[in-house]
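Protein chains in written order, with full-length UniProt numbering: chain A, 1 to 160; chain B, 1 to 160; chain C, 1 to 160; chain D, 1 to 160; chain E, 1 to 160; chain F, 1 to 160.
Since the structure comes first, as structure tokens, the remarks are kept for the end.
Number of protein chains: 6
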Amino acid sequence: MSKLTHLDADGRASMVDVTDKDTTFREAVVRGRVRMQPETLKLIIEGGHKKGDVLTVARIAGIQAAKRTHELIPLCHPLMLTGIKVELTPNEADSCVDIEARCKVSGQTGVEMEALTAASVAGLTIYDMCKAVDRGMTIDAIHLVEKKGGKSGHWQLGED
Amino acid sequence: MSKLTHLDADGRASMVDVTDKDTTFREAVVRGRVRMQPETLKLIIEGGHKKGDVLTVARIAGIQAAKRTHELIPLCHPLMLTGIKVELTPNEADSCVDIEARCKVSGQTGVEMEALTAASVAGLTIYDMCKAVDRGMTIDAIHLVEKKGGKSGHWQLGED
Amino acid sequence: MSKLTHLDADGRASMVDVTDKDTTFREAVVRGRVRMQPETLKLIIEGGHKKGDVLTVARIAGIQAAKRTHELIPLCHPLMLTGIKVELTPNEADSCVDIEARCKVSGQTGVEMEALTAASVAGLTIYDMCKAVDRGMTIDAIHLVEKKGGKSGHWQLGED
Amino acid sequence: MSKLTHLDADGRASMVDVTDKDTTFREAVVRGRVRMQPETLKLIIEGGHKKGDVLTVARIAGIQAAKRTHELIPLCHPLMLTGIKVELTPNEADSCVDIEARCKVSGQTGVEMEALTAASVAGLTIYDMCKAVDRGMTIDAIHLVEKKGGKSGHWQLGED
Amino acid sequence: MSKLTHLDADGRASMVDVTDKDTTFREAVVRGRVRMQPETLKLIIEGGHKKGDVLTVARIAGIQAAKRTHELIPLCHPLMLTGIKVELTPNEADSCVDIEARCKVSGQTGVEMEALTAASVAGLTIYDMCKAVDRGMTIDAIHLVEKKGGKSGHWQLGED
Amino acid sequence: MSKLTHLDADGRASMVDVTDKDTTFREAVVRGRVRMQPETLKLIIEGGHKKGDVLTVARIAGIQAAKRTHELIPLCHPLMLTGIKVELTPNEADSCVDIEARCKVSGQTGVEMEALTAASVAGLTIYDMCKAVDRGMTIDAIHLVEKKGGKSGHWQLGED
């Protein structure tokens with residue numbers, strides 16, 4: 001039967017022991033979005049045409065956060081990420097910024113938490129930089145879309 | 001005209017100078033949720049009847065993350081939070097865990113980023129602890145619901 | 001003659017260069033305890049029957065601290081721990097909480113500092129959560145009990 | 001009746017809300033020791049006659065750890081420490097290094113956790129630097145000896 | 001006679017106790033530069049005309065580093081900076097990027113270390129982003145140019 | 001044509017993906033200096049004859065900073081350094097302290113940023129400890145002098 005791997009036999013939180021897992025290539029892709037007023041998005045895009053600073057700062061913040069995932073998420077293992085990519089795309093049709101974060105590692109445990117953390121912190125940073133004009137922004141639909149490597153192999157959203 | 005306060009006159013990202021702002025009591029409340037399969041929620045609740053560890057770990061992670069907001073969000077100021085509260089409530093009707101984070105400070109700048117960070121990291125931690133049984137969980141609708149203090153006074157969602 | 005490996009030939013503090021050491025499986029086990037008033041222990045145990053929060057929070061804090069050992073201990077190397085386990089057992093006979101921390105890695109240097117740090121911070125967290133009712137608690141007898149791997153092989157307390 | 005302030009009415013771990021506490025001068029003094037073989041202590045002392053590096057590095061590590069207490073201890077508040085002092089004294093009679101840590105702040109919450117953390121990490125660092133010659137060292141008797149400020153006023157060990 | 005304030009009467013490193021110092025407004029301005037090949041500077045400037053990313057990332061890194069000064073510099077006090085500004089100006093005449101960092105706080109100790117750290121890390125980040133084309137870059141002349149507040153009042157370079 | 005590897009095809013800052021790079025032995029050596037008044041250097045040297053604390057603290061700070069390079073420099077990869085060495089040599093002829101930092105790793109990316117960070121933070125710490133007597137000190141000429149390993153092989157300053 002399926003169970004929560006972070007709880008031991010007595011139901012106590014514990015770190016999964018990955019000592020005996022194989023070191024394989026791992027990759028995870030996460031998507032999400034920050035919903036906002038059309039005027040807010042316009043300010044970001046216009047800034048973007050000139051300097052792109054809101055999205056640059058948010059992208060950098062997401063990359064940096066991925067590296068600190070094991071400090072933020074109590075039962076995550078430290079990992080030596082070999083690649084972190086955060087893409088932020090203004091989406092005028094849905095009045096949001098689309099977030100995509102991708103992490104890679106050769107390691108004993110998956111990198112979905114790293115990609116989820118990168119996407120979340122990129123979204124939080126967009127909120128921070130635009131909050132003076134739009135308090136009602138929402139960080140939405142942060143979810144895993146693809147995962148490679150490890151015992152479970154290749155997983156894509158919608159396949160389960 | 002409204003503008004993005006984190007970009008200076010030349011459109012470059014910068015930290016807002018709050019040196020001359022008054023020190024006042026500030027509070028922010030943020031809500032969000034982690035959507036999941038009903039079976040996943042059931043495992044959390046059953047664990048909860050015994051030890052409640054998933055929610056306890058996530059609550060602790062959220063509290064700790066709030067204290068590190070200024071490290072994660074590049075242009076946030078360091079703050080001496082006097083209160084951080086994270087509530088996580090299983091919601092069977094909507095098959096999710098409801099998140100509420102509340103931060104307080106006596107300071108020169110608001111604490112909405114701290115509450116947003118607490119809520120997001122609490123959600124990420126729930127994902128981490130349950131991902132072995134449910135990869136499709138989604139962190140959703142992280143948004144500010146109330147804000148007190150500072151020049152803008154009392155703000156509540158829906159009032160704008 | 002035996003010497004302090006963290007001091008170089010001139011007696012200056014330095015990090016041991018482990019570049020040429022073999023990568024082997026390493027494990028360390030540390031024990032210690034937090035002594036307290038019987039009433040304090042009773043409060044922890046009773047809480048434990050309901051939610052176990054003091055010990056859960058302390059266990060999480062110990063696990064997280066192990067991951068940050070190289071930041072806290074100036075001459076420790078960064079390590080990619082594959083397993084961290086912290087067990088906290090109320091001991092009514094001795095009016096204390098017994099601490100056991102176990103760390104694992106496949107690496108070029110031992111993990112005793114990581115296990116010692118986990119045990120110490122778990123103990124400090126117990127102190128923090130109970131200090132309102134018992135200021136006189138003592139963190140006691142934090143010591144290595146077993147060590148595997150590396151050039152020195154298997155070591156157990158009492159064998160020297 | 002006395003209770004654990006870090007557990008709320010439902011027994012869930014939470015941060016104590018200090019928003020309404022007065023800002024007063026606070027001070028805490030903690031003592032402890034690292035027990036070791038007489039030969040180990042001799043190496044430290046001899047090093048000390050030349051450069052004192054073991055004790056200097058441990059003192060620095062303790063000071064730095066005090067500043068990060070709120071990151072290590074999950075429910076501690078961030079604090080702006082105005083003074084941190086760590087004294088390490090070789091004690092040949094008891095074959096140990098005596099540790100004393102003292103922290104000061106003007107704030108809304110006490111600094112005993114900061115002093116306890118400083119003392120513990122100083123002890124761990126002594127262990128780290130001497131472990132190549134003495135694996136059996138023990139970090140012992142880390143305890144609060146004095147506390148000033150706040151609602152509880154002046155407290156000294158033995159007075160309760 | 002002048003003396004090193006971070007060494008106590010016995011010559012041991014210690015944190016200056018600022019408990020009794022007045023809380024006053026403090027400001028510090030630091031300058032420095034990263035010298036490089038003219039072709040390297042040209043790449044930065046051309047990038048700058050489009051997106052300015054090298055300088056944006058370096059500016060963000062400098063701001064973030066200022067907030068972590070007390071973690072990096074062992075005897076620095078934690079501070080609640082109210083303003084951090086990092087300006088990076090391409091200087092074709094001298095084939096370098098000029099760095100200026102300015103920090104502000106209302107506190108009991110000066111902010112020159114925060115401004116020095118911001119300037120240094122901004123310079124290191126420029127090096128990182130351009131090192132693939134120019135390994136010989138030099139971070140040069142990081143120095144304090146102005147300091148306000150505290151017992152020593154207003155100081156400007158060249159006045160001593 | 002040479003290009004800035006940290007900017008992608010669209011000129012956006014990104015982390016270089018090193019997933020497919022070989023794991024090889026890497027080493028980097030960096031030099032720099034802190035210029036100061038002859039009297040300041042004399043105080044350091046005299047302290048050094050007794051306890052050497054300024055240089056010991058600075059050396060420790062440099063070693064610790066190297067381990068945190070990936071947190072400070074936004075697009076740096078996390079690395080498991082196997083050796084960090086910081087040498088600080090008083091230089092009376094030039095009225096400065098000469099800094100040399102050397103880092104080693106077996107990894108997929110070079111360690112020059114780690115050595116540059118170690119040297120810079122060692123220099124900043126010297127400034128901090130002596131600033132009470134000499135505000136005009138300058139951190140100067142932080143530069144790479146040698147680099148081994150990776151695709152580019154052995155590089156020495158002056159060879160390009």
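Don't be surprised by glycine CBs; every beta carbon is placed ideally from N, CA and C.
Closest in alpha carbon position to Thr56 (chain A), among A:Gly110, A:Thr125, A:Lys148, A:Ala66, is A:Thr125.
At a cut-off of 8 Å, the C-beta of Gln64 (chain B) has no neighbouring C-beta in chain E.
The beta carbons of His143 (chain C) and Val29 (chain C) sit no closer together than 8 Å. Rounded to whole angstroms, the separation of the alpha carbons of Met36 (chain A) and Asp134 (chain A) is 7 Å. Per DSSP, the continuous beta strand (DSSP E) segment holding His143 (chain A) begins and ends at 138-148.
Closest option to Ser14 (chain A), judged by alpha-carbon separation, among A:Glu100, A:Glu92, A:Lys148, A:His77: A:His77. Distance from the CA atom of Ile139 (chain C) to the CA atom of Ala61 (chain C), rounded to whole angstroms, is 15 Å. Taking a cut-off of 8 Å for Cβ pairs, the region 62-71 of chain B and the region 100-119 of chain B touch, as three or more such pairs fall below it.
For the region 71-92 of chain F, the set of residues with a beta-carbon nearer than 7 Å to any beta-carbon of chain C comprises Met80, Leu81, Thr82, Gly83, Ile84, Lys85, in chain order. Of the candidates F:Ile73, F:Asp94, F:Arg26, F:Asp53, F:Asp53 places its Cα closest to the Cα of Asp8 (chain E). When C-beta distances to chain F are compared with 9 Å, the residues of the region 92-105 of chain A below that value are Lys104, Val105, in chain order. For Lys131 (chain F), not one C-beta of chain C is nearer than 8 Å to its own C-beta. With respect to the C-alpha of Thr40 (chain C), the residue from D:Asp17, D:Leu4, D:Thr19 having the closest C-alpha is D:Leu4. By the Cβ-count criterion, Ser152 (chain D) is exposed, with fewer than 16 other Cβ atoms from all chains shown falling within 10 Å of its own Cβ. By the Cβ neighbour-count rule, Pro74 (chain F) is buried, with 16 or more other Cβ atoms within 10 Å of its own. His154 (chain B) counts as exposed, since fewer than 16 other C-beta atoms from the protein chains shown sit within 10 angstroms of its C-beta.
With contacts defined by Cβ atoms closer than 8 Å, Gly83 (chain C) and Cys103 (chain C) form a contacting pair. Contacts with chain B at 8 Å (Cβ-Cβ) do not include Ile44 (chain E).
In terms of CA proximity to Ile63 (chain C), C:Ala119 leads the group C:Gly149, C:Met129, C:Ala119. Apart from the 5 residues on each side of it in sequence, Val105 (chain B) sits with its Cβ closer than 7 Å to the Cβ of Arg26, Leu79, Met80, Leu81, Thr82, Val111 in its chain, given in chain order.
For Val54 (chain F), the enclosing alpha helix (DSSP H) starts and ends at 53-67. Here the alpha carbon of Ala101 (chain F) sits roughly 4 Å from the alpha carbon of Val86 (chain F). Cys96 (chain B) has B:Arg35, B:Asn91 as its beta-bridge partners, per DSSP. Under the three-state reduction of DSSP output, Ala101 (chain B) falls in the strand class.
Residue pairing for Arg12 (chain F): DSSP places it in no beta bridge. The criterion of a C-beta distance shorter than 8 Å is satisfied by Val121 (chain F) and Ala65 (chain F). Between Thr23 (chain A) and Gly107 (chain A), the gap from beta carbon to beta carbon is short of 8 Å. For Val121 (chain C), the residues of chain D that pass the 7 Å Cβ criterion are Leu72, in the order they occur in the chain. Between Leu88 (chain B) and Ala141 (chain B), the alpha-carbon positions lie close to 14 Å from each other.
With contacts defined as CB atoms closer than 8 Å, Asp98 (chain C) and Arg33 (chain C) qualify as a contacting pair. Under the Cβ criterion of 8 Å, His6 (chain B) is counted among the residues facing chain A. In the structure shown, the three-state DSSP call for Val121 (chain D) is helix. Across the set C:Gln156, C:Tyr127, C:Thr109, the C-alpha of C:Tyr127 shows the shortest separation from the C-alpha of Arg59 (chain C).
About 7 Å separates the Cβ atoms of Thr109 (chain D) and Lys21 (chain D), confirming a contact at the 8 Å cut-off.
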